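Report on the structure given below.
There are 4 protein chains.
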Amino acid sequence: MSHNTFGKLFRFTSWGESHGPAIGVVIDGCPPGYLLTEDIIQPFLNARKPGTSRHVTQRREDDKVKILSGVFENRTTGAPISLLIENTDARSRDYSDIAEQYRPGHADYVYDAKYGFRDYRGGGRASARETAVRVAAGAVARQILGDEIRIAGALVQIGEYPVERSDWRWEEAANNALCCPSAATLPKWEALLDETRKAGSSLGAIVEIVASGVPAGWGAPVYGKLDADLASAMMSIPAAKGVEIGAGFGAVRLSGEQNADEMRKGENGPVFLSNNNGGVLGGISSGQDIVVRTAFKPTSSILTPGQSINRKGEEVEVQTKGRHDPCVGVRAAPIAEAMLACVLVDHKLRHRGQCG
Amino acid sequence: MSHNTFGKLFRFTSWGESHGPAIGVVIDGCPPGYLLTEDIIQPFLNARKPGTSRHVTQRREDDKVKILSGVFENRTTGAPISLLIENTDARSRDYSDIAEQYRPGHADYVYDAKYGFRDYRGGGRASARETAVRVAAGAVARQILGDEIRIAGALVQIGEYPVERSDWRWEEAANNALCCPSAATLPKWEALLDETRKAGSSLGAIVEIVASGVPAGWGAPVYGKLDADLASAMMSIPAAKGVEIGAGFGAVRLSGEQNADEMRKGENGPVFLSNNNGGVLGGISSGQDIVVRTAFKPTSSILTPGQSINRKGEEVEVQTKGRHDPCVGVRAAPIAEAMLACVLVDHKLRHRGQCG
Amino acid sequence: MSHNTFGKLFRFTSWGESHGPAIGVVIDGCPPGYLLTEDIIQPFLNARKPGTSRHVTQRREDDKVKILSGVFENRTTGAPISLLIENTDARSRDYSDIAEQYRPGHADYVYDAKYGFRDYRGGGRASARETAVRVAAGAVARQILGDEIRIAGALVQIGEYPVERSDWRWEEAANNALCCPSAATLPKWEALLDETRKAGSSLGAIVEIVASGVPAGWGAPVYGKLDADLASAMMSIPAAKGVEIGAGFGAVRLSGEQNADEMRKGENGPVFLSNNNGGVLGGISSGQDIVVRTAFKPTSSILTPGQSINRKGEEVEVQTKGRHDPCVGVRAAPIAEAMLACVLVDHKLRHRGQCG
Amino acid sequence: MSHNTFGKLFRFTSWGESHGPAIGVVIDGCPPGYLLTEDIIQPFLNARKPGTSRHVTQRREDDKVKILSGVFENRTTGAPISLLIENTDARSRDYSDIAEQYRPGHADYVYDAKYGFRDYRGGGRASARETAVRVAAGAVARQILGDEIRIAGALVQIGEYPVERSDWRWEEAANNALCCPSAATLPKWEALLDETRKAGSSLGAIVEIVASGVPAGWGAPVYGKLDADLASAMMSIPAAKGVEIGAGFGAVRLSGEQNADEMRKGENGPVFLSNNNGGVLGGISSGQDIVVRTAFKPTSSILTPGQSINRKGEEVEVQTKGRHDPCVGVRAAPIAEAMLACVLVDHKLRHRGQCG
């Protein structure tokens, strides 16, 4: 058991605080013989990187990943892969207020309640900075999964505004700072975020991740379900408050007939006539696209002052200063993609272990 | 790692198929010295039991639990607690069709894809019958949690019809077969289910579980988050397709100000002015009520014939015969309560282990 | 984490007390499609069974195993395999003394120190009766390993008397009640045990288990070493006090040259000129025979009165009455074989999971 | 599951190769609020450090530990503690021969058999260099255990020469390069090692570790036994071939009466009249000293040429050049002490988790 480890056979352990010297991850159980270099991982980190548009926090980190172990002559050896990312833009001076006050919606209070004290600098261990190492682990996972499994993510809603699904193009999502898959929706979201940022407020968002090419048979029954692990993976991302697979909460409104995902004979195995189950039946992949959506709450750090208490239990007014994202969901797609990749490779190995 | 084990310190391993001689669960890591008898567990099993109203499957099981180990003179000893429930009403003759055909929305196809064959009798391991042992484990978990932590569940939506929240009374939920907390909503849902059953169709539902009295500090950061474990726990229940905590997907539509859960000084520690975070901040309990909702898809077993294929890959028409629930969500509340109880006691022990 | 679970991918969870209604085991992660019936498991239980010769405890148990799940039409399904063995000859009346007194060398005192009380009947959870389920799990493991891997065990020392190794014949070990591989040694050990039993005393023993046919490459570096798992497996057997691999403690007296296990080219891969490493190098199998020896202390239950204290802390004299083994090691070979089989199949699956 | 992780609640994950840029360890589950600085860890690393006497390998490493996370204002925060040690004296040029040849007694061949290739530089992941991070983790474990638990180790045998036990003084063991607790034995061992080194040969050794002050009640029955975890911990150390607890293999030669560890009433709880069980009964600590001995084989790297094969399967003669230890056991005591400390703190937390 480990609070900071994810996965069973492809298993990564994350460490590091927002304002420590570095963050990092150790990946254990990676199969041997796969090509891996820093250049392969770096683009995924760049895609998650803060400071790249006006819509996200202005903290500027190079996020240069270093491979410290587990790779020899550019190939994975089967030994643990240690990845390290230095913290270069950690402005500790900004956070003196946080030391004594509990920011509403943040983990400040509960860390003190649990541990007796906390590393308050930039949120310490609770900072979204930790998600960089998930992205790094996900990049390794993608190498093992290979090109036949394609994982892509997009924002499908910001605040009250869903994406125009009839205009969905994956290439578009990869080309704008909001991971918006619709060129028609993009300007509306941009205006919304500009307005929100100027108002010192924040918005929630929903991210949808799709994995194609996953063969039928990954996952396991009962407590090792692929979707149970996906739910855990997504809910572990900071600010996540909901996860759904396939039709998800929308399935509640369907009749059994509408929801059925009927099957027909295809050229290469069965073909499904719909995908309300999101590629998972009984916890096991069906060969259809795996579709998972995660809801992120609005950023808790807002410029509007809020009521709270301090460490002594006294009532105070808290106002966030400095850098923040008006919508944390905007940066969540690369993280959710990475978590999906890690869950998939873990279940690929688990399936191979049990079933050969 | 174990596909059929849930939890870390309070850890239960489930076994059994729908039509085998019995199902059961082994609970390891239970603290010693707690009162435990079959009479304490049985009422929870009775609450989940099928065959008790016209709204649920007519399979009739006594669901009599036997304690085989881990208890001495009515107290837990710290040794593994083995609980066994015999299958008495397993009608294997009903399921000959399933052996060769894949029922849409069921796990038939994926089990064959994964394992090469399957125990098709009554759904085998994928049957909802397995959930009886979760309820039994949950009953043990409640003994460890004690009376100060109260866990209650209710249905909050069937199909398109949400409960009338202004009329919510927990006592009401405990008194009707639909776990409906509103006397005003109940007749509408009953009529809806009657209609659905007669039409041979099915409906989805949303279940809400609330735990009160959980102290601040349970849970852990990053991958050991209380809400990540809750998401996994709920998504592992058969037919679950979505999980949300607190405001959940609704939080997406809130502004940062609306969602903030501001804090004030109370008589016994902090008081929160709202609970959009559902009692969990940064993966750790805040002392507020823990609120989790799970979406269940409409029962896949419907009387309307559906298109599918058989084991040979040939196209067939599949029609479910025999007993089924028109809305599996109706029986889900005791199961979801049990899973929440198990997650809580696990984190109680994990917190105590690390923090004393 | 689980105190009562062994293994990672082939993983079994044991439950039950000496004088409860039954004992049992749940095996999770078993590969699907393997032949398994009660008749396949039973002979291994019979080999371990007490009451079969004058040299072992006269408790008489049928040890009839029942398969409750995970098998369909005589083949493993991939679902958890629940095995149950009823306790039929549990004479609770014999053990009233134990309730209040701490038998020297037994776990009575430490169970009370840890849990506050204990199930004292027949040693409760600490009884060697638990080892029956290890043997059952081992029988399943052997089915997965197949005929190419042969596992055999023998006693190599009782008290001060080592076996005559020049007279070693495996068939002999299978044919006598002492697992003695030498017809020349057997009568000496029998006389020794008769004398010991009559004196109300007891003796220690060393058991040696050999696995042939294990391919090179199973195991893993650092903390997942095959020999580290073997050491844990063997030391977990009641009364075990030492474990060694290959030359073991004897390797200390060898020079580097003597201990080297040089390699030559063979017809089917490398040939080793000796096997001081006992088939494991760097934690990974080398293709040689795996050789592990376990030392068992003399049975703690002896008829000679001993000094001790009771639950109140008062000084008492303790004398074991009733049934006991003069040398627990005599019955240990089938248990140690089973543990080796389980470790091997676990590492077979682990290797396949990571390396394909 | 993780091949490179040790422990359950106090859980560390090791990474790094002999000739990579660094090695390190991530400790998860450490209790919060304990004093921890690099200065506290460093002395333990210095005690293990190679290059400090003529009896050990002349590789010179500073072994300067850096704390990268999990500590704030010199106190553990409960977040994962990442420790990093740079490799500064990695002479890759010495190891070109190893790339193509399999050194007898080393893991070269089995790594190739398992992974298809290997990082051959200095033994890669199989190098004893990894043990530095165990020592670092052990230093953290000692902080949690506190001063009341004292852990000390000594060599008790080199080759055929046991220590003079009547002359045992712990202070002596701490003051010489051989961890020899007897001033009378020391010169004999030194002469023996000098002779062995000059001959280009090597010797095995036995290390004994004792932990005092461990309360009764740590550990757990069946597969979570304290001694089973100790056996695994010790056997995972490079070159270990045997482990024993208390009287260990010697218990085989004792009668039940001699081995009994009778109990009497003491001023502070029970007093034992002997400690043949080495402080562990039924897998649970008894309050006596915990005594564990580990046998290390003679160093496999010897200057005498040996027969082997190369990667192509051709027969070759292998001769180790460069730096090596004539007796790896000489450096093993600090490592074994560290592993014992880690097992103890893990079980301290496990006990607290289950039993409060």
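Protein sequence lines, in the order shown, are assigned to chains A, B, C and D. Residues in the first sequence are numbered consecutively from 395, following this note's numbering. Residues in the second sequence are numbered consecutively from 395, following this note's numbering. Residues in the third sequence are numbered consecutively from 395, following this note's numbering. Residues in the fourth sequence are numbered consecutively from 395, following this note's numbering. From the three backbone atoms N, C-alpha and C, an ideal C-beta is built for every residue, glycine too. Everything numeric in this text was worked out from a predicted model, so none of it was measured.
- Proximity of D/C736 to chain B, defined by a Cβ-Cβ separation below 8 Å, is not satisfied.
- Contacts with chain B at 8 Å (Cβ-Cβ) do not include D/P609.
- Listed along the chain, the chain B residues whose CB falls inside 7 Å of the CB of A/E731 amount to none; the nearest CB is some 17 Å away.
- For a Cβ distance threshold of 7 Å, residue set L403, G423, P425, G472 and L743 of chain B lies close to D/Q748, ordered along the chain.
- For D/A522 and D/Y505, the gap between their C-alpha atoms comes out near 15 Å.
- With a minimum length of 4 residues, the unbroken runs of alpha helix (DSSP H) contained wholly in the stretch 472-558 of chain C fall at 490-494, 502-509 and 525-539.
- Taking a 10 Å sphere around the C-beta of D/T399, we find 16 or more other C-beta atoms and assign the residue as buried.
- The beta carbon of B/D513 sits closer than 8 Å to some beta carbon of chain C.
- Taking 4 residues as the minimum length, the alpha helix (DSSP H) runs contained wholly in the stretch 598-651 of chain A are 620-629, in order along the chain.
- A distance of 8 Å or more separates the beta carbons of D/P632 and C/N653.
- Non-local C-beta neighbours of A/V712 in its own chain, meaning closer than 6 Å and more than five positions away in sequence, comprise Q495, R497, G700 and S702, ordered along the chain.
- For B/E638, the CB contacts under 6 Å within the same chain, skipping 5 residues up- and downstream, are R687 in chain order.
- In the DSSP assignment, D/P437 falls outside any beta strand (DSSP E) and lies within the alpha helix (DSSP H) extending over E432 to R442.
- With a threshold of 8 Å between beta carbons, C/N468 makes no contact with chain B.
- If you check the CB distance, A/S595 and A/T471 do not come in under 8 Å.
- For the set B/G640, B/S576 and B/G613, the Cα lying nearest the Cα of B/V604 is the one of B/G640.
- A Cβ-Cβ contact shorter than 8 Å links D/M629 with C/K619.
- When Cβ-Cβ separations below 8 Å define contact, C/Y489 makes no contact with chain B.
- Counted as a single uninterrupted DSSP element, the beta strand (DSSP E) harbouring A/P664 occupies residues G663 to F666.
- For the stretch 660-676 of chain D, the beta-carbon criterion of a distance under 8 Å to any beta-carbon of chain C is satisfied by G663, P664, L667, N670, N671, G672, L675 and G676.
- Neighbours of D/M395 in chain B, taken as residues at a C-beta separation under 7 Å, are given in chain order as M395.
- Counting every other CB atom within 10 Å of its CB across the protein chains shown gives D/S490 a total below 16, marking it as exposed.
- If you look at B/I729, you'll find it in the alpha helix (DSSP H) that goes A726 to C749.
- For the pair D/T590 and D/L580, the CB atoms are not nearer than the 8 Å cut-off.
- Put simply, the stretch 522-531 of chain D touches the stretch 400-413 of chain D. At least three CB pairs are less than 8 Å apart.
- Out of A/R448, A/P474, A/T431 and A/E467, the CA that lies nearest to the CA of A/V459 is found in A/T431.
- Within the model, the alpha-carbon separation for A/V557 versus A/A689 is close to 14 Å.
- In the DSSP annotation of this structure, the continuous segment of the beta strand (DSSP E) that includes A/T688 starts and ends at I684 to F690.
- Shortest Cα-Cα distance from C/F511 to any of B/S679, B/I678 and B/A473 involves B/A473.
- By the rule that beta-carbons nearer than 8 Å mark a contact, C/V420 touches chain B.
- By the criterion of a C-beta distance shorter than 8 Å, D/A567 is surrounded in its chain by A546, G547, A548, L549, C573, C574, P575 and A727, once the five residues flanking it on both sides are discounted.
- For A/P415, the chain D residues whose Cβ falls inside 7 Å of its Cβ are L462, in order along the chain.
- For C/W564, the enclosing alpha helix (DSSP H) starts and ends at W564 to N569.
- In the three-state scheme derived from DSSP, where H, G and I count as helix and E and B as strand, D/G660 is classed as strand.
- Not a single CB atom of chain C sits nearer than 8 Å to the CB of A/P728.
- Neighbours of D/S476 in chain A, taken as residues at a C-beta separation under 7 Å, are given in chain order as W409, G410 and G418.
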